[in-house]
Each structure stands twice: as structure tokens, then as C-alpha cells.
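Colleague:
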Amino acid sequence: MPRSSAASKPKPARTLAQQADRHALYERAVQDPEGDVKFFARTYRKIRGHDPISMREDFCGTAALCCEWARSAPDRTALGVDLSQDTMNWGLEHHIVPAGRDVASRVTLICDDVRAVKRPKVDLTCALNFSYYCFKQRAELLEYFTSVHAGLNRDGVFLLDMLGGTEAILEGNTDNDHGDFIYRWEQAKFDAFSHDFQCFIHFLFPDGSKIYRAFSYDWRLWMAPELRDLLLEAGFSKVHFYWEKTDAKGEGTGVFYEPDYVENQEIWWTYLAAER
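At position 172 of the sequence shown the residue is numbered 171 (numbering that gives the first Met the number 0), and the sequence of numbers has no breaks.
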């Protein structure tokens, strides 16, 4: 009986990790473009008394937020800036082109350092998912904030998010189960003197496969007073800190307010806004 050739052997089934798309997983686990757009518009309107039209997203990645901003109103325009052309190409293929010609015509993506792009000026600039933490030296972050200030219209607003809490400086893993995958946030290393910290995102699947270190971050954990002082030094006139209201079970409601005092918690995330 002839021996079977290697070519005739069935190929092993691909694992769930091999079939997965890390950008799609990241968006499901981390992002909420629709919620961000609503918060941005509501906050800008409260501060300035009118609706924002143009938005710039720094460190835009797949530009899902840019796309949602342009889709949210027929006159809104979005500018996305990021250093990874490959990631923005993914966003073009999966978000911007499928959104249709009208939306796509109002989204512009630029591959460059966020500090180098100052035109066109916009009503609103944002930097989310702690992306600006990549600037680990004070002079670097001040340069970035100064660049943002220069790129805003006269009544512009800069929106950021930030991380804090007693557990923000601890090493360890946090898992969030999304049903068909687990999103694991790992804080691998933290330097108490410099506040440098190294973090990773892993994705784990029911078949035991995983995408190890799907995303890696080498950051500095900036504190709220440091951010406020740097924003004011960069030329912003006022800084607003927000806090999310919770329901009877302690769950977030998606409604944010400006508190007079906040008691520290194990872990927290929130927005801040700086007026030009």
C-alpha cells in the first residue's frame, strides 16, 4: 500500500487566536466611539455655548472615532493623526470606506508625529486611551500640549482621558470577559520614582489560544495636578476635571460632572477638558 504523501494530510484547524483580528478586538474591548462623540459634543456645547464642527483625534489608530464623528452630523469633519500608516490603512478599509463617500470625504488621516501637525485648526482636539502617556519627560509633554494649543481655533477645547487610583501603580493583571474572548490588561512593571510603567494587552480565547502582547505600552503615569499645571503652562486658560455618576449598584451611568472633591479609589478612569 503506498505511503500517503505529506501534501495529502489535512491541515490542522486554525486556532481562534489565529483567526482573530487584533484591531477589531481592541476596538471591542477598549473603545466607545459613539459614547465619546456624545460626551465631546455635550461638553464643548456646555463650555462654549455652541456645537463643535471640526475634530482632531491624535494617536487615532484605526480612526474609528474620526469616522463616528463625521458620521454623527452632516457638517462635521475629522482629522486623524498617527505614526502607524498600517493601522490607519486598516481603519480606512474597515471604517471609513464602508461609511460611504460623504463620510469618507470629511475624514482626513495624516501619518506624522502629533507634535508636528498644526493645521488645519480645529474646534476640538482629543487624545484618548492614555496615548499621550508616551511622552515621559515633562518637556516632551509640554511641547505636545503647546502644539495642541496652537492647533485649536480661538474657542477650541482639548479633551483627554486619564487613569488613576491606588491600583494604577500596582503590577498585575485585570481580565474582562467579552464572551468570545477575554481582554487582559497587564501592568507588568512600575517605577515608583519615575512613574514609568510598562503595560500589555493580551487576548485569550475559549479554545486555549491567545494573542500574547497584542499591544505593548511604555508609558509614564501622569497625575492630575501635573496635567493641569502643564496644560496651563502650555497656554490653556482653564482645565476641567470630570467624574462619572454611578447608580445604586455603583455602576457607571455614562453621565459626567465636575466634582469639588473626589475620594481616591482602587482604580478610576475619567476625562479632562482644557479651554484654549
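We put the beta carbon where it would ideally sit given N, CA and C, even for glycine.
Three-state secondary structure (DSSP) at C198?
Modeller: Looking at C198 - three-state DSSP - the assignment turns out to be strand.
Colleague: CB-CB under 6 Å to D57, same chain, minus the five flanking residues each way: which ones, in chain order?
Modeller: Correct list, in chain order: V80, V113 and A126.
Colleague: Does the distance from the CB of M87 to the CB of A103 come in under 8 Å?
Modeller: For M87 and A103, no; Cβs fall outside 8 Å.
Colleague: Ends of the beta strand (DSSP E) at Y131?
Modeller: Taken as a continuous stretch (DSSP letters only), Y131 belongs to no beta strand (DSSP E), as it is neither H nor E.
Colleague: Taking DSSP as the reference, what is the three-state secondary structure of F189?
Modeller: Correct three-state label for F189: strand.
Colleague: For R278, count neighbouring Cβ atoms within 10 angstroms of its own Cβ and tell me buried if that reaches 16, exposed if not.
Modeller: A query on residue 278 cannot be resolved here, the shown segment of the chain reaching from 0 to 275 and no further.
Colleague: Look at S83 and V36 and say whether their C-beta atoms are less than 8 Å apart.
Modeller: For S83 and V36, no; Cβs fall outside 8 Å.
Colleague: Who are the near neighbours of S291 in its chain, counting only those whose CB is closer than 6 Å to its CB and skipping five residues on each side?
Modeller: Past the boundaries of the shown model lies residue 291; the chain is included only from 0 to 275, so the question cannot be answered.
Colleague: Output the boundary residues of the alpha helix (DSSP H) element that contains W89.
Modeller: That run of the alpha helix (DSSP H) goes Q84 to G90.
Colleague: How would you label P1, buried or exposed, when you count the other beta carbons within 10 angstroms and need 16 or more for buried?
Modeller: Residue placement at P1 is poorly supported in this model, since its pLDDT is 49, which falls under 50; the coordinates still yield a value, given next. The residue in question, P1, is exposed, as its Cβ has fewer than 16 Cβ neighbours within 10 Å.
Colleague: Taking the continuous alpha helix (DSSP H) assigned at T42, which residues delimit it?
Modeller: P32 to R47 is the extent of the alpha helix (DSSP H) around T42.
Colleague: DSSP state of R114, grouped into three classes?
Modeller: Looking at R114 - three-state DSSP - the assignment turns out to be coil, as it is neither helix nor strand.
Colleague: Grouping DSSP H, G and I as helix and E and B as strand, with all else coil, what is A126?
Modeller: Reduced to three states, the DSSP call for A126 is strand.
Colleague: Is it buried or exposed, I200, if we count other Cβ atoms within 10 angstroms and call 16 or more buried?
Modeller: Buried, since its Cβ has 16 or more Cβ neighbours within 10 Å.
Colleague: Taking buried to mean at least 16 other C-beta atoms within 10 Å of its own C-beta, is E67 buried or exposed?
Modeller: Its Cβ being crowded by 16 or more others within 10 Å, E67 is buried.
Colleague: For E170, which of helix, strand or coil comes out of DSSP?
Modeller: It is coil, neither helix nor strand.
Colleague: Take L78 and list the residues in its own chain whose beta-carbon comes closer than 6 Å to its own, dropping the five residues that flank it on each side.
Modeller: R55 and T107, listed in sequence order.
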